[in-house]
């Protein structure tokens with residue numbers, strides 16, 4: 002996982018360079034719009050460390066975008082923007098055993114219902130570091 006200042010989002014495909022955009026992700030054999038982009042709240046990662054002692058770097062969460070001050074669970078079924086890109090929240094991105102194996106940490110208990118949001122990219126454009134997340 003690499004932190005970027007800017008990434009191009011392509012409607013119906015996801016983020017250029019992402020493992021699922023390139024069809025090389027672990028679950029690429031089951032494609033769908035819920036693989037296009039994922040988000041997670043930094044507050045969930047901080048709570049994971051505070052409440053469960055699991056120190057997970059934001060990049061280790063394997064989510065594409067890390068937010069602050071945005072209740073992502075409220076965006077399921079809703080359209081929202083990240084910078085100039087319009088997205089639609091599809092479903093929660095619940096943690097799985099694969100994430101635990103890759104991170105080497107017990108993260109399931111602390112991230113259940115806080116593991117992030119899976120979303121569909123509705124419009125193409127650039128997403129930049131510190132772009133606001135705005136529900137529509």
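In this note's numbering, the protein residues as written are 2 to 137.
Beta carbons: idealized from backbone N, C-alpha and C, even for Gly.
This one's a predicted model, so the numbers in the text were calculated from it and none came from an experiment.
Cβ distance (whole Å) where residue i is taken to contact residue j below 8 Å
i: residue 81; j: residue 136; result: 5 Å
i: residue 138; j: residue 94; result: Nothing about residue 138 can be reported from this structure: the residues present for the chain run from 2 to 137 only.
i: residue 87; j: residue 109; result: Their Cβ separation, rounded to whole angstroms, is 32 Å, which puts residue 87 and residue 109 out of contact at 8 Å.
i: residue 16; j: residue 38; result: 6 Å
Residues bridged to residue i (per DSSP)
i: residue 133; result: According to DSSP, residue 133 bridges with nothing at all.
i: residue 92; result: 119
i: residue 1; result: Residue 1 is absent from the model: the chain starts at 2 and stops at 137.
i: residue 87; result: 82
i: residue 66; result: 40
i: residue 77; result: 90
Cα-Cα separation, residue i to residue j
i: residue 128; j: residue 49; result: 27 Å
i: residue 76; j: residue 83; result: 12 Å
i: residue 55; j: residue 107; result: 7 Å
i: residue 41; j: residue 4; result: 14 Å
i: residue 61; j: residue 43; result: 12 Å
i: residue 12; j: residue 74; result: 22 Å
i: residue 10; j: residue 53; result: 34 Å
i: residue 115; j: residue 67; result: 12 Å
i: residue 71; j: residue 126; result: 21 Å
i: residue 14; j: residue 111; result: 30 Å
i: residue 121; j: residue 51; result: 31 Å
Completely contained alpha helix (DSSP H) runs for the region 5-53, where each covers 4 or more residues: 43-53
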